[in-house]
């Protein structure tokens, strides 16, 4: 009876305990059981694709695998470490040290974003606690050519530079989540539930044309190497929409490489770095004076005797020494510093400052690119505004702008005086345009800039069949509170076709050291080479048929003259003598204290 009662009590206790576990407190024990076998696993998703304006991919995500381990489980099998180290291609002591340092954790990456076949080969060795998971890796088909525009992502596929950073939220997507049951070996036994579906990132269509981008990068590289320059930048904008068609920088980097090189090579210098604009400032000075009504296109400006003393003992000069009496248009043609200084004397300080700011200098271009430079434009009455500030600003010294800001200002002139807002996204256009100067003033200034190419120092920028308007610039490079001797920035900004501007291009070559440093000799040829190809690629019809036909006739006559005899060459078949050297553009004579 005693034994029977004892057994009965034990049975009742077991039944009661079972009822408590399964009925009363079932949620707790179910949770504890699930915690040992049920897991929530992230479902990786791909980053959105970036394409150029024609739909060609310039940034894509490729599926890869990452090998990971459970350090607790792996540490129970130290005899498998040599085999795993060999499979990973990692020294044994390094692998042992890494796993030992995280022995109290349940997750650690062993090797990330590798070829799926290589990952499967590692997992196939069946080392306890070693697994693989799907991830995505960014690939850039254009490599160095679009590195500064696109930027790159980090190992977690997050944008770090460029448009990858600017549009990271749009491109990134949202990983999914699913519940699974794993066995003791970590293998998935059953898929229980889809908690959240993966949402791929959104695609992004850029305004960039990869063909023109490649052309700009190639010609910029040729110019930098030929002139032994420290670097350079090219910006091409659509005048009507502000869309960035191409933007190239040197030095550059390869975003596909494991080693991205020096961090300073990652900067998009066309957006983030500042230069003094030099003589490219003069069309803005003339536009301001024409809009203010203080001069007309035919107003005579006496630049005699070729130099002018300013307050404070400063003297500015023209090259050649004396341009004599010039019209306002002649000031731009001959790039006269004295002419620009005398024109700006007629403009009130505040009017000049306000118009320069209205062109976009001294404010961000609002292109959406991270790290845009604001630039510096001294304001009247501020500590940086001296008695000679307005004068030196008139020919491009005393203020700092980015190449993108110069392109924006020239696009504004080409757009009939309406301010253009740059954008890297196709179809994104700012409809609230601001009229900076009257359309008639813009038309007059474009006509003046045409003479720089036909008569002035930018003959190398001419494109057969097209009217080209542009302006050269040469600025001394400031360093350590003074201007470094023998170090210059060569610039050229141009509009084409001049009769109805479609594109603006700005070329900046930094510190050329091969003997030439004028903008007309160093930067203007880059404009010619890039824009000649761009106009053909974009099917822009010629607006100067006469020059086109004349060039065709000359080429035909030359071929006809050379056809009868091939050898030996006669005097008539010899190449024509080279044209006379392009007349050097004017350059500011800096204060003696800065030379």
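In the working numbering, the protein residues as written are 9 to 603. Every residue gets a Cβ at the ideal spot worked out from N, C-alpha and C, and that includes glycine. Since the model is a prediction, treat every value here as computed from it, not as a measurement.
Nearest-angstrom Cβ-Cβ length linking residue i and residue j, presumed shorter than 8 Å
i           : j           : result
residue 337 : residue 297 : At roughly 12 Å, the Cβ-Cβ gap does not stay under 8 Å, so residue 337 and residue 297 are not in contact.
residue 334 : residue 342 : 6 Å
residue 252 : residue 430 : 6 Å
residue 328 : residue 453 : Their Cβ separation, rounded to whole angstroms, is 24 Å, which puts residue 328 and residue 453 out of contact at 8 Å.
residue 302 : residue 372 : Wrong, their Cβ atoms sit about 30 Å apart, outside the cutoff.
residue 100 : residue 111 : At roughly 16 Å, the Cβ-Cβ gap does not stay under 8 Å, so residue 100 and residue 111 are not in contact.
residue 482 : residue 498 : 6 Å
residue 462 : residue 528 : Contact flag wrong, Cβ pair sits at about 13 Å.
residue 447 : residue 422 : No, residue 447 and residue 422 are not in contact; Cβ-Cβ is about 11 Å, not under 8 Å.
residue 284 : residue 405 : 6 Å
residue 240 : residue 228 : 5 Å
Under 8 Å between C-beta atoms of residue i and residue j
i           : j           : result
residue 60  : residue 226 : no
residue 535 : residue 469 : yes
residue 401 : residue 289 : yes
residue 157 : residue 542 : no
residue 512 : residue 247 : yes
residue 509 : residue 548 : no
residue 293 : residue 352 : yes
residue 266 : residue 53  : no
residue 152 : residue 260 : yes
Separation of residue j from residue i, as counted between CA atoms
i           : j           : result
residue 143 : residue 81  : 23 Å
residue 307 : residue 340 : 13 Å
residue 456 : residue 477 : 8 Å
residue 15  : residue 24  : 14 Å
residue 606 : residue 376 : Nothing about residue 606 can be reported from this structure: the residues present for the chain run from 9 to 603 only.
residue 576 : residue 62  : The predicted model places residue 576 with a pLDDT of 47, which falls under 50 and marks its position as unreliable; any figure quoted below should be read in that light. Rounded to the nearest angstrom, the two C-alpha atoms are 50 Å apart.
residue 347 : residue 211 : 51 Å
residue 517 : residue 395 : 31 Å
residue 161 : residue 389 : 45 Å
residue 546 : residue 273 : 31 Å
residue 249 : residue 215 : 10 Å
residue 73  : residue 65  : 23 Å
residue 131 : residue 139 : 6 Å
residue 579 : residue 560 : Because the pLDDT of residue 579 is 34, which lies under 50, any placement of that residue in the model is unreliable, and the question is left without a value.
residue 262 : residue 563 : 41 Å
residue 319 : residue 286 : 21 Å
residue 544 : residue 78  : 59 Å
residue 271 : residue 150 : 20 Å
residue 121 : residue 380 : 32 Å
residue 237 : residue 474 : 30 Å
residue 594 : residue 526 : Residue confidence for residue 594 is low, a pLDDT of 33 falling below 50, so the modelled location carries little weight and cannot support an answer.
residue 233 : residue 464 : 26 Å
residue 255 : residue 235 : 20 Å
residue 106 : residue 133 : 20 Å
residue 220 : residue 538 : 8 Å
residue 398 : residue 357 : 7 Å
residue 67  : residue 276 : 17 Å
Residues that residue i bridges to, as DSSP identifies them
i           : result
residue 409 : 283
residue 673 : As displayed, the chain neither begins before 9 nor continues past 603, which places residue 673 out of reach and without an answer.
residue 58  : 67, 212
residue 443 : 426
residue 241 : 257, 516
residue 309 : 334
residue 147 : 68
residue 316 : 324
residue 605 : Summary: the structure shown does not reach residue 605, with the chain confined to residues 9 through 603, and so no result is reported for it.
residue 11  : Beta-bridge pairing links residue 11 to no other residue.
Neighbourhood of residue i by C-beta, 6 Å cutoff - its chain only, sequence neighbours within 5 removed
i           : result
residue 426 : 441, 443
residue 515 : 242, 500, 531, 534, 535
residue 8   : Residue 8 lies beyond the residue range present for the chain, which begins at 9 and ends at 603; the question has no answer from this structure.
residue 295 : 445, 449, 453
residue 370 : 383, 385
residue 75  : 118, 119, 127, 130, 140
residue 135 : 88, 92
residue 378 : 173, 174
residue 178 : 210
residue 83  : 111
Residues of its chain near residue i, where Cβ-Cβ distance is below 7 Å and the 5 sequence neighbours each way are ignored
i           : result
residue 574 : Only weak support exists for where residue 574 lies, its pLDDT of 49 falling under 50; the coordinates are left without a value.
residue 472 : 555, 556, 559
Residues of its chain near residue i, where Cβ-Cβ distance is below 8 Å and the 5 sequence neighbours each way are ignored
i           : result
residue 165 : 55, 69, 143, 144, 145, 146, 180
residue 368 : 413, 416, 417, 420, 427
residue 582 : In this predicted model, residue 582 has a pLDDT of only 34, less than 50, meaning its place in the structure is not dependable; the value taken from the coordinates is given anyway. If we look at residue 582 and ignore the five residues flanking it on each side, it has no Cβ neighbours.
residue 96  : 75, 103, 118, 119, 130
residue 314 : 325, 326, 328, 329, 330, 331, 346
residue 359 : 296, 300
C-beta neighbour in chain C for residue i, strict 8 Å
i           : result
residue 290 : Absence of chain C from the displayed structure is noted, only one protein chain being present.
The ligand FAD heavy atom lying under 7 Å from the CB of residue i
i           : result
residue 167 : The ligand content of the structure shown is nil, which means the ligand FAD is not present either.
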